[in-house]
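Visitor:
In the UniProt record's numbering, the protein residues as written are 1 to 321.
1) Which residues in the same chain as residue 102 place their Cβ atom closer than 8 Å to its Cβ, once the five residues preceding and following it in sequence are excluded?
2) To which residues of the same chain is residue 158 closer than 8 Å at the C-beta, ignoring the five residues directly before and after it?
3) Taking C-beta to C-beta, are residue 161 and residue 196 nearer than 8 Å?
4) Starting from residue 232, follow its DSSP beta bridges and name the residues at the other end.
5) Does the segment 245 to 257 come close enough to the segment 279 to 297 to have 3 or more Cβ pairs within less than 8 Å?
6) Going by the C-beta, is residue 244 closer than 7 Å to any heavy atom of the ligand HEM?
7) Determine the contact status of residue 175 and residue 240, defining contact as a CB-CB distance below 8 Å.
8) If you draw a straight line from the alpha carbon of residue 105 to that of residue 135, how long is it in whole angstroms?
9) Using the Cα positions of residue 151 and residue 315, report the straight-line distance between them to the nearest angstrom.
10) Pick out the complete alpha helix (DSSP H) segments inside the segment 108 to 192, 4 residues or longer, and give them in chain order.
11) From the DSSP output, which residues share a beta bridge with residue 255?
12) Quick one: any contact between the segment 207 to 222 and the segment 261 to 275, if contact means 3 or more CB pairs under 8 Å?
13) Who does residue 207 pair with in a DSSP beta bridge?
14) To the nearest angstrom, how far is the alpha carbon of residue 167 from that of residue 122?
15) Mapping DSSP to helix, strand and coil, what is residue 280?
16) Let me know if residue 82 comes out buried or exposed under the rule of 16 or more other beta-carbons within 10 Å of its beta-carbon.
17) So, is residue 245 buried or exposed, given that buried needs 16 or more other C-beta atoms within 10 angstroms?
18) Restricting to Cα atoms, I'd like to know which of 283, 260 and 132 is closest to residue 91.
19) With contact counted as at least three CB pairs below 8 Å, one residue from each stretch, are the segment 91 to 100 and the segment 71 to 80 in contact?
20) For residue 147, which residues in the same chain have their Cβ closer than 8 Å to its Cβ, ignoring the five residues on either side in sequence?
21) Alpha carbon to alpha carbon, what distance is there between residue 107 and residue 203?
22) Within 10 Å of its beta-carbon, does residue 205 have 16 or more other beta-carbons around it, so buried, or fewer, so exposed?
23) Is the CB-CB distance between residue 293 and residue 143 below 8 Å?
24) With a 10 Å radius around its C-beta and 16 neighbouring C-beta atoms as the bar for buried, classify residue 305 as buried or exposed.
25) Cα-Cα, which of 87, 65, 100 and 207 is closest to residue 275?
26) Could you tell me the distance, in whole angstroms, from the CA atom of residue 51 to the CA atom of residue 273?
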């Protein structure tokens, strides 16, 4: 590049030219150089604030906060009840650097280490996950209300999943159907006589528990049936019915309560802050929630997510007007 720049015919010539003639184009003869310039190579000269796609920031290495170990140990043995709730909340906020230290580890036991250190991540129906997510990401300006987005999702298709009782779950499944799985190689991991149950399986599965059964034991048995332990929601009810929701991941159970909207928010935020591997058939839907609802990114890497974002954003905007 230095040689080429030195051959500029004028001092104010462009930094890059495509080729130069030894004889200035006045006579026949060989070119001194041919320089190919690709648009992608020029992006490095675009100011950071003008780039459409932001560079991934270099992760900050958090040193081991030894001084927080004792506080975390005290919190871990506290009972998750109403009287201890505020103490646990404040303690986990103080121990945030310890969480960051554990989450940056690249080892198979990373999630186990986090949950063993902060077992109350699984307590209070996802409240600790919600607060943890806020500490990591703050409050994005472009976040939206989950109920409104899933309600808008029901309008995408008025015939599919009519047997699903929960209105918002029906909207979530219609969003998944609209996004499709093109470009993703995977198989559904459940066989059912009901097509809706089979389609919903990557996101949610239904299990039944009798009155004399412990729900945790029933869900544990359900988890053991999947050797890969893929993350998903569990609804304790008959197929397609409403019930209490639980987020399961890496062999752990996080009770979320009877609201599907709260359950799906807690589920996606758990996958995000704990960096849980997302199954292929859930990638587009989770990315849709992260972009369109939680506002973590301005654009998705999936064109189908961006197109659906634009359609729903327009519909939601008309509703607000």
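Idealized CB from N, CA, C, for every residue including glycine.
Guide: Well, looking at it:
1) 110, 113, 114 and 117
2) Cβ neighbours of residue 158 beyond the five flanking positions: none.
3) yes
4) According to the DSSP secondary-structure assignment, residue 232 is paired through a beta bridge with 248.
5) no
6) For the ligand HEM, the structure offers nothing, since it holds no ligand at all.
7) no
8) 19 Å
9) Between the alpha carbons of residue 151 and residue 315 lies a distance of about 11 Å.
10) Runs found: 110 to 117, 127 to 137, 146 to 153 and 167 to 179.
11) DSSP, once it has assigned bridges, lists 246 as partnering residue 255.
12) With the cut-off at 8 Å, the segment 207 to 222 and the segment 261 to 275 do not touch.
13) 236
14) 26 Å
15) helix
16) exposed
17) buried
18) 132
19) yes
20) 168 and 261
21) Put simply, the backbone Cα of residue 203 is about 26 Å away from that of residue 107.
22) buried
23) yes
24) buried
25) For residue 275, the closest alpha carbon among the candidates 87, 65, 100 and 207 is that of 100.
26) 26 Å
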